Structures are given as C-alpha cells and as structure tokens.
Amino acid sequence: MTRKKDASSGRGWRFALPPAIAGIVVTVGAALAMTATDQASFCGSCHSMAEAAFTHKTSVHAELACNECHAPHNLVAKIPFKTKEGTRDILATVTKTIPDLIHPGEETKEVTQENCQRCHGATTSTVVMQSKKFCTDCHRHVPHSPKIPVAKRSAADA
42 MTRKKDASSG RGWRFALPPA IAGIVVTVGA ALAMTATDQA SFCGSCHSMA
92 EAAFTHKTSV HAELACNECH APHNLVAKIP FKTKEGTRDI LATVTKTIPD
142 LIHPGEETKE VTQENCQRCH GATTSTVVMQ SKKFCTDCHR HVPHSPKIPV
192 AKRSAADA
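Under the working numbering, the sequence shown has 142 at position 101, and the numbering climbs by one with no breaks.
In structure tokens:
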C-alpha cells in the first residue's frame with residue numbers, strides 16, 4: 042500500500058525561507074551600518090567633529106576606528122551606548138546646541154578608560170593611578186592633538 046504524500050509537507054521551507062532571508066539581510070545591514078558609523082569618515086562628516094577627525098588622522102591611533110576608543114568593545118554594551126550617544130548627538134545638531142568645546146561625559150570617560158586598558162594593559166599594569174582616575178587625565182590629547190595651527194582650528198584648545 043502506497044501512501045499519498047501530504048501536499049503541504051514539502052512546502053514548509055517556503056514559509057521559513059522569507060523570514061530567514063529577511064533575518065540575514067537585517068543582520069548584514071546592521072553589521073555594515075555599525076562598521077560604517079564607527080569610522081572617522083562618518084564621525085568627521087559632522088561639522089562639530091571635523092576637528093577631532095582631522096587630528097585623529099595624524100595621530101598614532103589613526104588606523105583605529107573612532108569607536109575602538111569611544112564605544113564599548115562588547116557588542117551587547119556597544120549597541121545601546123551608540124544608540125544613546127548617537128541620539129544625543131543628533132538632537133544637539135538639530136537643535137543647534139553643540140557646545141564650542143566638546144568634552145566627554147563620565148560614562149564616555151569610563152568606556153575610553155576600559156579601551157585604553159584593553160589595548161595597553163600590559164604597558165599600564167605597573168602604573169599607579171592614585172592621583173588621576175583616567176588615562177586621559179594625563180594623556181588628554183591622545184589621539185586628538187592640540188598642535189594644529191590656530192588658523193586651522195575651529196575652537197581654542199582646552
């Protein structure tokens with residue numbers, strides 16, 4: 042006795058394929074967007090960050106993306122951090138409330154500190170940080186050097 046094949050048994054993949062393709066497209070798109078928005082070319086495209094991108098280009102860290110230092114390394118922490126910081130930056134740009142001198146907030150300093158330690162941990166393991174909380178308290182201009190001619194600066198160094 043031969044059993045007749047259920048007509049719907051071979052069609053299950055047809056229902057699973059579109060969501061799978063959509064998932065792949067969204068994942069690849071998000072990865073490309075994350076990578077693109079980490080780069081100095083993206084960050085420097087805003088007038089308020091042009092000087093930081095310019096000084097970064099000539100620094101010892103020029104080969105690094107901005108968010109190698111300025112965003113958490115862990116993807117689970119990075120996504121909400123970038124979302125919050127990006128939203129804040131967009132609002133400041135749209136409402137024209139960008140300060141003349143942009144200073145990092147406490148959370149950004151902590152993220153930057155973690156990234157300094159992640160890359161330079163072996164070098165800094167013997168440094169006693171009792172008088173200063175962050176590496177950037179002493180190394181303020183790494184990688185954003187203040188040594189740009191006054192005529193090419195958008196604001197005074199501080």
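Cβ atoms here follow ideal geometry from the backbone N, Cα and C, with glycine treated the same way. What you are looking at is a predicted structure, and each value in this text was computed from that prediction instead of being measured.
Original post:
What three-state label does DSSP hand residue 159 in the structure shown?
Top reply: Start at 1 with the first residue of the sequence shown, and residue 159 comes out as number 118. Three-state result, residue 159: helix.
Subject >> Whole-angstrom distance between residue 65 and residue 144, CA atom to CA atom >> reply: Position 103 of the sequence shown holds residue 144. Position 24 of the sequence shown holds residue 65. The alpha-carbon separation between residue 144 and residue 65 amounts to approximately 38 Å.
**OP:** Output the distance between the C-alpha atoms of residue 102 and residue 59, rounded to the nearest integer angstrom.
**Re:** Mapped onto the sequence shown, residue 102 falls at position 61. Mapped onto the sequence shown, residue 59 falls at position 18. Residue 102 and residue 59: Cα-Cα distance of roughly 43 Å.
Subject >> Range covered by the alpha helix (DSSP H) that runs through residue 108 >> reply: Reading the sequence shown from its first residue, position 67 is the one you call residue 108. Run containing residue 108: 107 to 111, per the alpha helix (DSSP H) assignment.
Subject >> residue 104 in three-state terms, based on DSSP >> reply: Residue mapping note: residue 104 aligns to position 63 of the sequence shown, counting from 1. Residue 104: coil per DSSP, three-state reduction.
**OP:** Going by CA-CA distance only, name the one from 185, 57, 75, 56 that's closest to residue 127.
**Re:** Position 86 of the sequence shown, counted from the start, is the residue given in the question as residue 127. The residue with the shortest Cα to Cα distance from residue 127 is 75.
Original post:
Quick one, are the C-beta atoms of residue 113 and residue 169 less than 7 Å apart?
Top reply: Within the sequence shown, the letter at position 72 stands for residue 113. Within the sequence shown, the letter at position 128 stands for residue 169. No; because the gap between Cβ atoms is not below 7 Å, this pair is not in contact.
**OP:** Just mark residue 97 as buried or exposed, buried being the case when its beta carbon has 16 or more other beta carbons within 10 Å.
**Re:** Taking the sequence shown and counting its residues from 1, one reaches residue 97 at position 56. So residue 97 counts as buried.
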